[in-house]
Each structure stands twice: as structure tokens, then as C-alpha cells.
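Residue numbers (my numbering): 103 to 174.
Shown next, in C-alpha cells, is the structure this report addresses.
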């Protein structure tokens with residue numbers, strides 16, 4: 103079984119700020135430019151723990167948003 107973002111996106115939000123998440127490779131990225139957190143997907147389960155999330159640089163976050171088709 104593979105994690106299906108399309109089926110889950112209506113109820114998955116960033117646990118820190120409640121913004122939308124977008125898929126980026128094997129992770130989900132918060133769409134809030136002030137938060138910029140990347141949450142890993144491990145064994146097809148999103149690990150939405152703020153303390154374990156990676157803070158992206160502004161450049162890395164912008165690139166992730168562009169890959170997801172979001173312009174900021």
C-alpha cells in the first residue's frame with residue numbers, strides 16, 4: 103500500500119500552523135512561507151510531528167512550492 107495524498111489532502115494540515123500541505127518526493131511540505139516545515143513520509147505514513155520536521159531554507163521551500171505547482 104502506498105500513501106495516497108489525493109485521498110488524504112482534505113484532512114491533512116500542518117500541525118504547527120494548520121496550513122495546507124503539498125507532496126514533495128517522500129515528504130509533505132507546509133505551504134506557509136513563515137513556517138517552511140518538511141514532514142517525512144515513512145513506510146507510507148506521514149510523520150506529522152513538529153519536533154521531527156525539517157525547517158527548509160527559503161530557497162528550498164520556494165523550490166518545493168514550484169514543484170507542487172504553487173507560486174508564491
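Where a beta carbon is used, it is the ideal one built from N, C-alpha and C, also for glycine.
Residue 137 in three-state terms, based on DSSP:
In the chain shown, counting from the first residue as 1, residue 137 sits at position 35. Assigned with DSSP and collapsed to three states, residue 137 falls in coil, not helix or strand.
For the alpha helix (DSSP H) that contains residue 160, what are its first and last residues?
In the chain shown, counting from the first residue as 1, residue 160 sits at position 58. Residues 160–169.
So the beta strand (DSSP E) residue 129 belongs to, where does it begin and stop?
Counted from its first residue, the chain shown places residue 129 at position 27. Segment 129–132, the beta strand (DSSP E) holding residue 129.
Below 8 Å CB to CB, which residues in the same chain sit around residue 139 once its five sequence neighbours on both sides are set aside?
Locating residue 139 in the chain shown gives position 37, counting from the first residue. Excluding residues within five positions, the ones whose Cβ falls inside 8 Å are 116, 118, 131, 132, 152, 155, 156, 157, 158.
Only counting the same chain, and skipping five residues up and downstream in sequence, which positions put a Cβ closer than 7 Å to that of residue 104?
Taking the first residue of the chain shown as 1, we reach residue 104 at position 2. Excluding residues within five positions, the ones whose Cβ falls inside 7 Å are 146.
Tell me where the beta strand (DSSP E) around residue 125 begins and ends.
As a first step, residue 125 must be located in the chain shown, where it is residue number 23. Here the beta strand (DSSP E) through residue 125 covers 123–126.
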